[in-house]
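Engineer:
Numbering (my numbering), first residue to last: 177 to 776.
#1: Per the contact definition of three or more C-beta pairs closer than 8 Å, is the region 295-311 in contact with the region 379-397?
#2: Which of the three DSSP states, helix, strand or coil, is assigned to residue 553?
#3: Assign residue 648 to one of two classes, buried (16 or more other C-beta atoms within 10 Å of its C-beta) or exposed (fewer than that).
#4: Under three-state DSSP, which class holds residue 757?
#5: Return the CA-CA distance between residue 211 and residue 658, expressed in angstroms with no decimal places.
#6: CB-CB under 7 Å to residue 483, same chain, minus the five flanking residues each way: which ones, in chain order?
#7: If you reduce the DSSP assignment to three classes, tell me which class residue 308 lands in.
#8: For a quick check, are the C-beta atoms of residue 660 and residue 617 less than 9 Å apart?
#9: Are the beta-carbon atoms belonging to residue 404 and residue 384 less than 9 Å from one another?
#10: Work out the CA separation of residue 628 and residue 756 for me, nearest whole Å.
#11: Decide if the region 575-589 is in contact with the region 604-615; the criterion is three or more beta carbon pairs, one per stretch, under 8 Å apart.
#12: Residue 283: buried (16+ other C-beta within 10 angstroms of its C-beta) or exposed?
#13: At what residues does the beta strand (DSSP E) containing residue 494 begin and finish?
#14: Decide if the region 416-430 is in contact with the region 276-291; the criterion is three or more beta carbon pairs, one per stretch, under 8 Å apart.
#15: Would you please state the rounded distance, in angstroms, between the beta carbons of residue 559 and residue 613? I believe it to be under 8 Å.
#16: Looking at the structure shown, is residue 661 part of a helix, part of a strand, or coil, going by DSSP?
#17: Count the other CB atoms within 10 Å of the CB of residue 664; is the residue buried (16 or more) or exposed (fewer)?
#18: Cβ atoms of residue 666 and residue 408: under 9 Å apart, would you say?
#19: Confirm, please, whether the CB-CB distance from residue 650 to residue 707 is below 9 Å.
#20: Hey, quick one: how far does the alpha helix (DSSP H) through residue 448 stretch, first residue to last?
#21: Leaving out five residues on either side along the sequence, give the residues of the same chain with a beta carbon under 6 Å from the beta carbon of residue 654.
#22: Any chance the region 231-239 sits against the region 451-467, with 3 or more Cβ pairs inside 8 Å?
#23: Please report the distance separating the alpha-carbon of residue 368 from that of residue 388.
#24: I need the DSSP call for residue 427, collapsed to helix, strand or coil.
#25: Extract the residue ranges of the alpha helix (DSSP H) inside the region 237-295, only unbroken runs of 4 or more that lie entirely within it.
#26: Mark residue 787 as exposed unless 16 or more other C-beta atoms lie within 10 angstroms of its C-beta, in which case mark it buried.
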C-alpha cells in the first residue's frame with residue numbers, strides 16, 4: 177500500500193469552489209522562491225511517545241495553513257516528498273512517520289491508534305509560531321487512512337481531508353473480501369515489503385504464497401511472527417475484532433469536507449464509494465473522483481489505454497479544495513454548491529461524467545441469464561448469456577482442486593503491479609482451463625453502459641460442506657480477445673452473513689450472490705458480454721480448502737465437484753447495472769433519449 181505520486185498533467189477546476197476567495201488566499205498562491213526545512217522534529221504524544229516529523233515552510237515570515245501527511249513508509253522517501261508540491265501554493269507541509277515506523281518511537285500496531293496520534297500532532301502544529309491554526313490532511317492508501325482516523329477525532333484545527341485509494345473498512349479493504357475470502361496476495365506482499373528487516377533478504381513471492389496453514393505464512397513471508405497477521409487469520413468472520421478498527425462504523429463522526437480519489441481497478445474502490453454515499457446522505461461536503469486507475473494511478477495497463485482524459489491534476493485539485501476550506505474567514509463564510517459531487521470515468525468512450533449519488537438512481541438492474549447444454553467448460557464450450565430466462569438448460573459441472581487453482585489475471589489487485597499486475601488483462605489463458613465455465617452473449621447491436629455494482633446470482637451445489645465460487649465480467653472484443661472488467665468471489669460459509677459462518681449440505685442446491693465489484697464500462701456495438709464462473713482466483717484470494725475447519729488453520733487440500741444450475745427454477749444470471757442513454761457523455765440529462773433494452 178505504498179503511496180503513489182500524482183499523475184497530474186491536466187489542470188481542471190474543482191467542482192466545489194468558493195464564490196469569493198480572500199486576498200490572503202490569492203497571495204499565498206504565489207510560488208515561494210525558497211523554502212525552510214526543519215527535519216527530524218520530535219512531536220510529543222499524550223502518552224509520552226515522540227513521533228518524528230519533517231517540517232517544510234514557505235520562504236519569508238508569517239503564519240501559514242498546513243498540509244499534514246502521516247506515513248508508515250518513511251517521511252524521507254520519494255513518495256512522501258511529492259507532498260512538497262503544496263509549498264508552491266503557500267502551505268506549510270508536515271510529513272510524519274507514524275508510531276513505530278522509521279524515526280518514530282512506539283509500536284506500530286492497531287490502526288485505531290492513528291486517530292489520537294493524528295489529533296495530538298494537529299494540536300502541536302496549531303501551537304507552532306509558523307502556523308495559523310488551520311490544517312488539512314492528504315494521503316494515499318495507508319496515508320489516506322490516517323486522514324480518516326484523524327477526522328473522526330473532530331479536532332477543531334482540521335479543516336479538510338483528501339484521502340486517496342484508502343477505503344473505509346479494515347476487514348473488507350485490507351484483509352478479506354465482501355464474499356469472505358482472504359485477500360492473500362495483497363496482504364502477504366505488503367507484509368513482506370514492510371516487515372522484512374533491512375538486513376534480511378526478502379523471499380520470492382512464489383516461495384511463500386502456497387504455504388499452509390495460512391496462520392503461519394507470516395513467518396514464511398517475513399521471517400517473523402506478526403500479531404497483525406495472526407489476529408486477522410484468527411478472525412475470518414466480520415466480528416467485533418474488526419468493528420473496532422472500522423472507519424465505516426464511525427463515519428457518522430466525520431464532519432470535515434472530504435475530497436477523495438478511487439480507481440476502478442483498485443481493491444478499495446467499493447469502500448471509497450461507500451464513504452461517498454455515507455457522507456453525502458449526511459450532507460457533509462464531499463467530492464469523489466473515480467478513474468480507470470489501479471492502486472498506483474500512474475500504472476499503464478498493457479491491454480488498454482484510456483487516454484489523456486484519464487490523467488487529472490490530483491495535487492492541483494487537492495490544493496483548490498484546501499484553498500476553499502482553509503480561507504481566512506473560515507468555511508462557514510464560504511458559499512459553495514452543497515450537492516455532493518461524484519465524478520465517474522466511463523471506460524470505453526473514456527469520458528468523465530458528473531453524478532450526485534451512488535449507485536446511480538436511474539440504474540436499470542438487468543439480468544443476463546446463463547445457459548448451456550451442460551458443456552460450458554472453457555471458451556470453446558457451449559455456454560451462453562441470454563436476455564430472457566431459460567426454461568431448459570443442462571447444469572454445468574467442474575472439479576475444483578486447490579492444488580491447481582485458477583491463476584489471477586488482472587482485476588483489482590494490490591499493491592505490487594510487477595508481481596500481481598492489475599487491470600483489464602487478457603483472460604485467454606484462464607479460459608482454456610476445464611475448471612472455468614464460460615458464458616457469452618451474442619454480439620451487441622448497440623452499446624451497453626454498465627455503471628454500478630455488479631452482482632452474479634448463481635444456483636450451485638458442491639460435493640463438500642464449504643467451497644468458493646468466483647465470477648468475472650469480461651468484454652469480448654470483435655476479434656475475440658477477452659478483457660476483464662470486474663470480478664469477485666463468494667465463500668459459501670459466508671453466503672448469508674459475514675459475521676456468522678453457515679455450512680452447506682453436500683450436493684444440495686443453494687442460491688448465492690457474488691459481489692463482482694464496481695465499474696463504469698461501456699460494452700461497444702459488436703462486442704460480447706461474457707461471464708466466467710469458477711472456484712478460485714489465486715493468489716488474489718486464498719484457496720478454499722473445501723473443509724469446515726477455519727481456512728487459516730487447515731493444511732489438508734480436498735477436491736470439490738462443483739455444479740452450476742441455470743434452468744427454470746434456477747435462474748442463474750449476471751445482474752448488470754445498466755444506465756439508460758438519458759445522459760449524453762459528459763453532459764446533462766436528456767429524458768427524451770432512452771437506451772432500449774438489448775434483445776436476445
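Glycine is no exception: its CB is placed at the ideal position from the N, C-alpha and C atoms. Remember, it's a predicted structure, so these values are computed and weren't measured experimentally.
Structural biologist: From the atom records:
#1: Touching, no, given that fewer than three Cβ pairs across the two stretches are closer than 8 Å.
#2: Within the chain shown, residue 553 is the residue found at index 377, counting from 1. Judged by DSSP in its simplified three-state form, residue 553 adopts strand.
#3: Along the chain shown, one-based indexing puts residue 648 at 472. The residue in question, residue 648, is buried, as its Cβ has 16 or more Cβ neighbours within 10 Å.
#4: As a working note, residue 757 is residue 581 in the chain shown. If DSSP states are grouped into helix, strand and coil, residue 757 belongs with coil.
#5: Taking the first residue of the chain shown as 1, we reach residue 211 at position 35. Taking the first residue of the chain shown as 1, we reach residue 658 at position 482. Rounded to the nearest angstrom, the two C-alpha atoms are 51 Å apart.
#6: Here residue 483 is taken as the residue at index 307 of the chain shown, counted from 1. For residue 483, where only same-chain residues beyond five positions count, the Cβ hits under 7 Å are 526.
#7: As a position in the chain shown, residue 308 is number 132, starting the count at 1. It is a strand residue.
#8: Locating residue 660 in the chain shown gives position 484, counting from the first residue. Locating residue 617 in the chain shown gives position 441, counting from the first residue. In this structure, residue 660 keeps its C-beta atom at 9 Å or more from the C-beta atom of residue 617.
#9: Here the question's residue 404 lines up with position 228 in the chain shown. Here the question's residue 384 lines up with position 208 in the chain shown. Taking 9 Å as the Cβ cut-off, residue 404 and residue 384 do not qualify as a contacting pair.
#10: Walking along the chain shown from the start, residue 756 turns up at place 580. Walking along the chain shown from the start, residue 628 turns up at place 452. Spanning the two alpha carbons is a distance of roughly 13 Å.
#11: yes
#12: On the chain shown, position 107 is the one that residue 283 refers to. It counts as exposed.
#13: As a working mapping, residue 494 is identified with position 318 in the chain shown. Per DSSP, residue 494 belongs to no beta strand (DSSP E); it is in the alpha helix (DSSP H), 490-501.
#14: In this structure the region 416-430 lies against the region 276-291, because at least three pairs of beta carbons, one per stretch, are closer than 8 Å.
#15: Counting from 1 along the chain shown, the entry for residue 559 is found at position 383. Counting from 1 along the chain shown, the entry for residue 613 is found at position 437. Contact between residue 559 and residue 613 holds: CB atoms are separated by about 6 Å, below the 8 Å threshold.
#16: Here residue 661 refers to the residue found at position 485 of the chain shown. Reduced to three states, the DSSP call for residue 661 is strand.
#17: Taking the chain shown and counting its residues from 1, the one referred to as residue 664 is at position 488. So residue 664 counts as buried.
#18: Taking the first residue of the chain shown as 1, we reach residue 408 at position 232. Taking the first residue of the chain shown as 1, we reach residue 666 at position 490. Not closer than 9 Å, so no.
#19: The residue you call residue 707 lines up with position 531 of the chain shown. The residue you call residue 650 lines up with position 474 of the chain shown. Yes, these two residues count as a Cβ contact at 9 Å.
#20: Indexing the chain shown from 1 puts residue 448 at position 272. Element bounds for residue 448: 445-457.
#21: As a working note, residue 654 is residue 478 in the chain shown. Here the set comprises 702.
#22: No: the two stretches stay apart, fewer than three of their Cβ pairs being nearer than 8 Å.
#23: Within the chain shown, residue 368 is the residue found at index 192, counting from 1. Within the chain shown, residue 388 is the residue found at index 212, counting from 1. So the two alpha carbons sit approximately 17 Å from each other.
#24: Walking along the chain shown from the start, residue 427 turns up at place 251. Residue state, collapsed to three classes: helix.
#25: 254-257
#26: Nothing in the structure corresponds to residue 787, since the chain is present only between 177 and 776.
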